[in-house]
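What follows is one structure encoded as structure tokens, with my remarks underneath.
Residue numbers (mature numbering (1 follows the signal peptide of the UniProt record, and there is no 0)): -18 to -1, 1 to 288.
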């Protein structure tokens, strides 16, 4: 349980929407690239898996996100595998109109584009570099020694990150599921999300999309409670925590993601309810969101102004 709590605390620190992240060395990723699936832009036709930001009418710059696989493992002195990790890490590149990948800027627009891509990429490099894998390996070595002495079976510790990508012309959303097994009765799953504004080059919290952030926060909280569709007493009896309404009020601090249908607020096991309840996901359509959005929010989500 202590190990699970330590990992959850680490993940909370690493996934804050706008908090700066300390620089770490870039991990060496495998060369496999997974093409971004074709995405639909709400009310605006079909996306091609790439977000395009036009700095000037004659010089469109295209931002493309692929998923690169980082895989490695650690072994004991006798070769026994202690821990394995496999992460899908998003990586953004900028391409010129002729399809050439931009690596060196030749104009202010290109400089800004490369800075945006680096701001995006550094978040995920830092996430992987600060994942506590060395500590997990040390835990595994301790447990392996114990199981060897006691004659028990050994299962290597495992860390995995699976991601999906959604893009509009001005936003990239990464939805992720982090899986960890570090001994104990069962593995643990944490739902994560990152939302990136291609116009500002910053990760953002969902309330910045609204004309009135507090009204928006309250409206989504009310919708979450409505979707739970139980009296407080019945909700607690079913497995929600006693303070689940307070947790729902803080929804923007959890995994908030977007796709072609709308916004999803996701709570990992243990966050708003007991483990047996599993992850809890609440979906709001763009029709529900639209009355609360400011013009920047509409542009960012690609849902038009009407």
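By construction, the Cβ of each residue, glycine as well, lies at the ideal position given by its N, Cα and C atoms.
With respect to the alpha helix (DSSP H) encompassing residue i, which residues constitute its N-terminal and C-terminal limits?
{"i": "residue 195", "result": "195 to 210"}
{"i": "residue 279", "result": "277 to 283"}
{"i": "residue 214", "result": "214 to 220"}
{"i": "residue 269", "result": "268 to 271"}
What residue range is occupied by the uninterrupted beta strand (DSSP E) comprising residue i?
{"i": "residue 226", "result": "Careful: residue 226 lies outside any beta strand (DSSP E), inside the alpha helix (DSSP H) at 226 to 231."}
{"i": "residue 69", "result": "63 to 77"}
{"i": "residue 159", "result": "153 to 163"}
{"i": "residue 245", "result": "244 to 249"}
Could you tell me the alpha carbon to alpha carbon distance between residue i and residue j, rounded to whole angstroms?
{"i": "residue 47", "j": "residue 238", "result": "19 Å"}
{"i": "residue 8", "j": "residue 213", "result": "Note that residue 8 scores a pLDDT of 38, beneath 50, so its modelled location is shaky and nothing firm can be said."}
{"i": "residue 145", "j": "residue 273", "result": "30 Å"}
{"i": "residue 166", "j": "residue 56", "result": "20 Å"}
{"i": "residue 259", "j": "residue 78", "result": "48 Å"}
{"i": "residue 284", "j": "residue 241", "result": "11 Å"}
{"i": "residue 211", "j": "residue 262", "result": "13 Å"}
So, helix, strand or coil for residue i, using DSSP?
{"i": "residue 109", "result": "helix"}
{"i": "residue 236", "result": "coil"}
{"i": "residue 136", "result": "coil"}
{"i": "residue 104", "result": "helix"}
{"i": "residue 121", "result": "helix"}
Please say whether residue j and residue i have beta carbons closer to each other than 8 Å?
{"i": "residue 138", "j": "residue 247", "result": "no"}
{"i": "residue 99", "j": "residue 83", "result": "no"}
{"i": "residue 236", "j": "residue 224", "result": "no"}
{"i": "residue 69", "j": "residue 112", "result": "no"}
{"i": "residue 50", "j": "residue 64", "result": "no"}
{"i": "residue 264", "j": "residue 189", "result": "no"}
Suppose the cutoff is 6 Å on Cβ atoms and the five residues either side in sequence are ignored; what does the same chain contact list for residue i look like?
{"i": "residue 178", "result": "102, 154 and 185"}
{"i": "residue 141", "result": "67 and 162"}
Between residue i and the rest of its own chain, which residues show a CB-CB distance below 7 Å, the 5 nearest in sequence each way excluded?
{"i": "residue 281", "result": "152"}
{"i": "residue 279", "result": "191 and 192"}
{"i": "residue 203", "result": "230, 231 and 233"}
Is the CB of residue i under 8 Å away from at least one CB in chain D?
{"i": "residue 89", "result": "Checking the listed chains, one finds no chain D in this structure; it contains a single protein chain."}
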